[in-house]
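Structure first, commentary second.
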Amino acid sequence: MKILSALNRDASISIPKLSNDLGINLSVAYSRIKRLIRRGIIEHYTITVNEDKLGMTASAIAGINLDPKNREQILDEIMKMDSVRLLREVTGRFDLVVNLRGASLDELHKAVYDIIGKIPGVQHAEVFMEVARRTPVVNYRLQD
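Going from the sequence shown to this note's numbering is simple: count from 1 and add 26.
Here you go:
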């Protein structure tokens, strides 16, 4: 949906500008956005922080295997870490995949091996350092 794609690019866009850019009537834009909010498709508006400008120039992904008996304690400990941006429980080779951000690759290496790797119940941790990033353009389509 064009409205979602436009808001995803810039959630601060005014509705009059949005309606003009999309070539739709202002009242139509307002009603469609209200409907998207009412249906729970738009949950909230947010910002994207440029962490590079804050000195957080290193990114990594860690794959973690854990003892299921310690699952909750491990998740709690990892979520407390300042460098953790996203934690996912997954299927496949790892039990968890963790996205991390830090000031240096060394800082992230230490976070994975010296902190996460020493949490009781963590059986294995493997870190993948980011060397380049490409963010795809997201175009939303609603399913009937």
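Glycine is no exception: its CB is placed at the ideal position from the N, C-alpha and C atoms.
| query | result |
| --- | --- |
| Distance check for Ala-129 and Met-82, CA to CA, integer angstroms please. | 4 Å |
| Near His-150, which residues of its chain fall below 6 Å by C-beta distance, leaving aside the five closest residues on each side in sequence? | Asn-91 |
| According to DSSP, what are the bridge partners of Val-124? | Ala-88, Leu-113 |
| Does Tyr-71 pass the burial test, meaning 16 or more other C-beta atoms within 10 Å, or should it be called exposed? | exposed |
| Can you tell me whether His-135 is helix, strand or coil according to DSSP? | helix |
| So, are the CB atoms of Leu-134 and Ala-55 less than 7 Å apart? | no |
| Thinking C-beta only, is Ala-86 closer than 7 Å to Val-153? | yes |
| Count the other CB atoms within 10 Å of the CB of Ser-109; is the residue buried (16 or more) or exposed (fewer)? | buried |
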